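Undergrad: For the sequence shown, position 325 matches number 1380 in the working numbering, and the numbering has no gaps at all. The beta carbon of each residue, even a glycine, is placed where N, CA and C say it ideally should be. None of the values given here were measured: they were computed from a predicted structure.
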Amino acid sequence: MSASLFSYFILLAVLLGLSAFFAGAETVFFSLNRSQLDQFRESKSPLAKPLLNFLSRPKDILVTILFGNELTNIAISITIASLFYQILPSAPIEQLTLISVGVGTFLILVVGEIIPKSVGIVHAPALAPLTAFLLKPLHALLKPVRPLLVRLADWFIKKLGGTVPQQTSLILEEEFRDLLELSAKTGEVEAEEKEMIAKALDFRNKIVSQIMTPMRQVFKLAVDIPYPELLEQIKATRFSRILVYENDPKNIVGLLYVKDLFLFDRRWKQNNALTIQTILRKPLFVSKQEHLEDLLQKIRETRIHMAVVTDAQNKPVGIATLHDVLEELFGEVAG
């Protein structure tokens, strides 16, 4: 074996080790649970501090890991292609490409992904401090460009219609919860105050599907319902806002505000052919995966207090109201 060929094997081994390190690091950091984080906060080990600093900004550390992993995997592909070119210099380029892609994919998948991630899940607490320490130099090196990468990723998410999650500190939040618990035990914070603060902390992590009323339980009216029958239905239910459908209960075409019927009633008495379609308001549609914070913002902007919740196929699956959101934030709300 020539010295050149040997150096390629050494380089490939080093790169595969780096790929395994980055893949394992991602699993290690994001597999830690609350009790394990508590143990690190109480630890006197100098390796615990970098770990806690990393987890205070999870999006930043994820960018560092993914940057290192992708760069390493590209280098692996180039090295494997060069290696096979050295071994099979007379082989057709198509054959070399096929072999390089096949071998590279296998090595990256098994050595660079499956094995390190499996080890990371099982041994996350033991590996986390050392992993953070080893990752610190690259994390510091990427500091000037990391904010740009994060903003670029957020921009693409928004352009694709997604919601950019806020960067929150897992450590600081857990520490705040611990402080809140201690304050409640010592009497510095009343039980009601503690419950309200805890609800506020939980609120930002909840999504619409957790508070919605399923569509099968929602009272709806057909758009062509005779007006006298409509009045009877409204008297029986006493809802102030009602979903209206056309032909199929899943085909929501509008939102009826009962207060709008006062003017409609006078017009209908002059022309019995009128239907409620003339006074329907445009419904607010939201995804069931949307965060409650975003729903509350949309309700404030549109002043529509009832939202139709849709699934991934944009089919209505329920409703969520301002009342539901406020109850999630403050507890039982009268009315």
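Look up Arg1358 in the DSSP assignment and say whether it is helix, strand or coil.
TA: coil
Undergrad: State whether the stretch 1373-1381 contacts the stretch 1282-1289, with contact taken as three or more CB pairs (one from each stretch) at a distance under 8 angstroms.
TA: no
Undergrad: Excluding five sequence neighbours on each side, which residues of the same chain lie with their C-beta closer than 7 angstroms to the C-beta of Trp1323?
TA: If we look at Trp1323 and ignore the five residues flanking it on each side, its Cβ neighbours are Tyr1282, Leu1329.
Undergrad: Out of curiosity, what's the CA-to-CA distance linking Ile1069 and Leu1196?
TA: The identity of residue 1069 in the sequence shown is Val, whereas the question assumes Ile. The alpha-carbon atoms of Val1069 and Leu1196 are separated by roughly 20 angstroms.
Undergrad: Considering Cα atoms alone, identify which of Phe1085, Glu1125, Asn1088 is closest to Ala1075.
TA: Glu1125
Undergrad: Are the C-beta atoms of Val1156 and some chain D residue less than 8 angstroms apart?
TA: This model lacks chain D altogether; it includes just one protein chain.
Undergrad: Do you know how far the Cα of Ile1133 is from the Cα of Leu1151?
TA: 12 angstroms
Undergrad: Quick one: what does DSSP say Ile1226 is sitting in, helix, strand or coil?
TA: Only weak support is given to the placement of Ile1226: the predicted model assigns it a pLDDT of 48, under 50, and the question is left unresolved by the model.
Undergrad: Compare the C-alpha of Ala1291 against each of Ala1362, Arg1271, Val1313 and name the closest.
TA: Considering only alpha carbons, the answer is Val1313.
Undergrad: I need the boundaries of the alpha helix (DSSP H) containing Asp1379, first residue and last residue.
TA: Residues 1377-1385.
Undergrad: Compare the beta carbon distance of Leu1350 and Ala1375 with 8 angstroms and say whether it is the shorter of the two.
TA: The answer is yes: Cβ separation under 8 angstroms.
Undergrad: Smallest Cα separation from Leu1121: which of Ala1181, Leu1102, Ser1145, Phe1084?
TA: Phe1084
Undergrad: When the Cα atoms are used, what is the spatial distance from His1346 to Phe1061?
TA: 54 angstroms
Undergrad: Can you tell me whether Leu1185 is buried or exposed? The criterion is at least 16 other CB atoms within 10 Å of its CB, across all chains shown.
TA: exposed
Undergrad: Can you tell me whether Glu1081 is buried or exposed? The criterion is at least 16 other CB atoms within 10 Å of its CB, across all chains shown.
TA: The residue in question, Glu1081, is buried, as its Cβ has 16 or more Cβ neighbours within 10 Å.
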